[in-house]
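J.: Here the sequence shown stands for residues 1 to 320, where the numbers follow UniProt numbering. Mind having a look at this structure? Questions to follow.
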Amino acid sequence: MQITRFGGPEVLDVVDLPDPVPGEGQQLFDVSSAGVNFADTHQVENSYLAPQQLPLVPGAEFVGTPAGGGPRVVGLLDGGGYAEKVAAHPRLTWPVPDGVTDEQALAVVLQGATAWHLLRTSAHLAAGETVVVIAGAGGVGSLAVQLARRWGAGRVIATASSAEKRALTEELGADASVDPALADDDPKAFTAALRDANGGRPVDVVLEMTGGNVFAGSLSALAPFGRLVTYGMASRQETRTVPPGALMQRSRAVIGFWLAHCMTRPQMMDDAMTELLPLVAEGALRPIAGGRYPLTAVREAHQDLLARRTTGKLTLDPAR
């Protein structure tokens, strides 16, 4: 799937291209499954953190085997994943344990590693703290809820846009759930809902990926020494400037996170993957399968993501 112009899902086109030519240190892989992420919708629009160059084959993750044969691996890419073959650095691939499906492996390589680093590297979660997970039924959120519970959070609060999604977050381990639509008109209403879900008390950690009023309401809900980790901008809304005084008044912190920086430090990826994949194999961590689409139906996958019709991890089948 290639784009030659920026826009919405309609710019994703099926094309025949030559096999990618591996660069220095790279290897050619046959793809059995490719992952879809919300960030891909930004990439297609050219509204993400790094400017994109056309023509472009989106996709940052794959499961496959080395061309010519070899063990199944899950890997990260700097693009090109929506395809039957990819060129990848073996240093950014990890063996998939027996019993772990392609979908489960794809769920943890980007979204799971993001959840791992949000809690461990950026928020420095401490036992007993209250954690709010925005979009708790999504790919990152559904895993962050489980990891926060596993790592000793005193209370986990999730937000989700429907009653069904909120029920899922509680099934995964959230103690309470909140409708983020409360932030649509007034961030103060969202702040109050988060604190109400925490027994009237402010919260310690918020993992935030929406921006706009959700960001503002989340920041106001923080306790002294609370941390808001921002890792997305799904609303496409500008987030207001945070004055230093607003942080100092409650000793609050705002921290940004982008997994691309971990990809330049492969040991950071190893730290996450060597813990996450065995947890999935043991059944101790439950990735949520959000749907498997033919590669030729990737427009539908993007439409479903943008319309909030999905939960968990979306994958593409390049054989269809």
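Beta carbons: idealized from backbone N, C-alpha and C, even for Gly.
Please say whether residue 287 and residue 312 have beta carbons closer to each other than 8 Å?
T.: For residue 312 and residue 287, yes; Cβs fall inside 8 Å.
J.: If you run the structure through DSSP and keep just helix, strand and coil, what is residue 256?
T.: If DSSP states are grouped into helix, strand and coil, residue 256 belongs with the strands.
J.: Using beta-carbon positions only, say whether residue 142 and residue 159 come within less than 8 Å of one another.
T.: Going by C-beta atoms, residue 142 is not nearer than 8 Å to residue 159.
J.: Report the residue from 153, 110 and 104 whose alpha carbon sits nearest the alpha carbon of residue 123.
T.: Considering only alpha carbons, the answer is 153.
J.: In whole angstroms, what is the alpha-carbon distance linking residue 34 and residue 191?
T.: Taking the straight line joining both Cα atoms gives about 37 Å.
J.: On the premise that residue 130 lies in contact with residue 198, defined as a C-beta separation below 8 Å, what is that separation, rounded to the nearest angstrom?
T.: Between residue 130 and residue 198 the Cβ distance is about 5 Å, and since that is below 8 Å, they are a contact.
J.: Would you decide whether residue 248 is buried or exposed? Buried here means 16 or more other CB atoms lie within 10 Å of its CB.
T.: Exposed, since its Cβ has fewer than 16 Cβ neighbours within 10 Å.
J.: Which runs of the beta strand (DSSP E) spanning at least 3 residues fall entirely within the segment 53-83, listed in chain order?
T.: List check, beta strand (DSSP E) in window: 61-66 and 73-76.
J.: Provide the residue span of the alpha helix (DSSP H) that contains residue 151, from first to last.
T.: No alpha helix (DSSP H) contains residue 151, which DSSP labels as neither H nor E.
J.: Of all the options 39, 68, 62 and 291, which has the alpha carbon lying nearest to the alpha carbon of residue 95?
T.: For residue 95, the nearest C-alpha among the options comes from 62.
J.: Would you give the residue range spanned by the beta strand (DSSP E) that residue 166 belongs to?
T.: Premise fails: residue 166 lies in the alpha helix (DSSP H), 163-172, not in any beta strand (DSSP E).
J.: Which of the three DSSP states, helix, strand or coil, is assigned to residue 329?
T.: The first residue shown for the chain is 1 and the last is 320, placing residue 329 beyond what the model contains.
J.: Do residue 298 and residue 28 have their CB atoms nearer than 8 Å?
T.: Cβ atoms of residue 298 and residue 28: not closer than 8 Å.
J.: Could you give the DSSP three-state label for residue 289: helix, strand or coil?
T.: In the structure shown, residue 289 sits in a strand (DSSP, three-state: E or B).
J.: Which residues bound the alpha helix (DSSP H) around residue 38?
T.: 38-45 is the span of the alpha helix (DSSP H), which, as asked, contains residue 38.
J.: Could you tell me the alpha carbon to alpha carbon distance between residue 86 and residue 207, rounded to whole angstroms?
T.: So the alpha carbons of these two residues sit roughly 32 Å apart.
J.: If contacts are defined as beta-carbon pairs under 8 Å, then residue 104 and residue 280 qualify, I think. What distance do you get, rounded to the angstrom?
T.: At roughly 5 Å, the Cβ-Cβ gap stays under 8 Å, so residue 104 and residue 280 are in contact.
J.: Residue 120: which of 79, 76 and 272 sits nearest, CA to CA?
T.: When each option's Cα is compared against that of residue 120, the closest is 272.
J.: Would you report the Cα separation of residue 99 and residue 282, rounded to the nearest angstrom?
T.: Cα-Cα distance, rounded: 9 Å.
J.: Alpha carbon to alpha carbon, how far is residue 196 from residue 275? Give it in angstroms, no decimals.
T.: Going from the Cα of residue 275 to the Cα of residue 196 covers about 34 Å.
J.: Under the DSSP definition of a beta bridge, which residues are partnered with residue 85?
T.: Per DSSP, 30.
J.: Along the chain, where does the alpha helix (DSSP H) that runs through residue 225 open and close?
T.: It is not in any alpha helix (DSSP H) - residue 225 instead sits in the beta strand (DSSP E) that spans 222-230.
J.: Report back the beta-carbon spacing between residue 189 and residue 182 to the nearest angstrom; my notes put them in contact at under 8 Å.
T.: So it is a contact: roughly 5 Å between Cβ atoms.
J.: Would the beta-carbon of residue 118 fall within 8 Å of that of residue 60?
T.: No, the pair does not count as a contact, with Cβ atoms beyond the cut-off.
J.: Which whole-angstrom value is the C-beta distance of residue 180 and residue 210, which I expect to be below 8 Å?
T.: Confirmed, Cβ separation roughly 7 Å.
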